[in-house]
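The opening residue of the sequence shown carries number 2 in our numbering; numbering runs sequentially from there. Think of the CB as a built atom: it goes at the ideal place given N, C-alpha and C, for glycine as much as any other residue. A quick note: this is a predicted structure, and the numbers were derived from the prediction, not measured. Presented below is the structure to which this report refers.
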Amino acid sequence: MSWVCASCGEEHEGLPLDFGFDEPTYWDGGRAEDDFLSSDLCVWTDDAGDRSFFVRGVLPLPVPELGAQFVYGVWGSLSAESFEQVLAHWDDPKRVEDPPFFSWLSNSIPGYPETLNLRANLTTSALDLRPSIVLADEEDHPLAREQRSGITVARVEEIAGLLLHA
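Listed below in structure tokens is the structure:
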């Protein structure tokens, strides 16, 4: 499926259905000796010495016209206790039985009003899948409404144009 980018006016082949962030917005290379960033997990210490814990997940938006999902690869922050529980079950197939963990969305997604720190739930998935991040029902934000109601192919094209040229 080809589409014409509203940002550059060029025709592109294949509509992208996912965009990801390599790190949480807060990550700055780390300050403390035990700060780290992997492809799935992150621990970061702020200037005051407070530690934050992040897990990379997927935030899906249904695209009913395609019978598919558009997926943002984003990071969610967890409490230290929740992060420890996620780590304890990270390689356990039974992690799918864990309850959802309260999380804060930890990326600013272009094309929306500020998305950083939207309330969410992070649910661990099968071992070969990243956790799912679902914005809280109480969030009255355009991204939350799109996650609940879905988006059109035209909206996917708009998002793709923004993110390909960000």
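Check	Outcome
Span of the alpha helix (DSSP H), counted from its first residue to its last, around Val157	154-165
Three-state class that DSSP yields for Ser107 in the structure shown	coil
Phe37 classed as buried or exposed, judged by whether at least 16 other C-beta atoms fall within 10 angstroms	exposed
Spatial distance of Ser150 from Leu136 (CA atoms)	12 Å
CA-to-CA distance, Asn118 to Arg131, given in whole angstroms	20 Å
With 16 other Cβ atoms within 10 Å as the buried cut-off, status of Ala33	exposed
Helix, strand or coil at Arg120 according to DSSP, with G and I counted as helix	strand
Limits of the alpha helix (DSSP H) - the one that Leu144 falls within	143-150
Terminal residues of the beta strand (DSSP E) in which Val59 lies	52-64
Same chain only: Cβ atoms within 7 Å of Val64, ignoring 5 sequence neighbours per side	Gln70, Phe71, Gly151, Ile152, Val154, Val157
Simplified DSSP assignment, three categories, for Phe22	coil
Which of helix, strand or coil DSSP assigns to Ala89	helix
Rounded C-alpha distance that separates Phe84 from Glu14	40 Å
As assigned by DSSP and simplified to three states, the class of Ser133	strand
For Asp19 and Leu42, the rounded distance between their alpha carbons	19 Å
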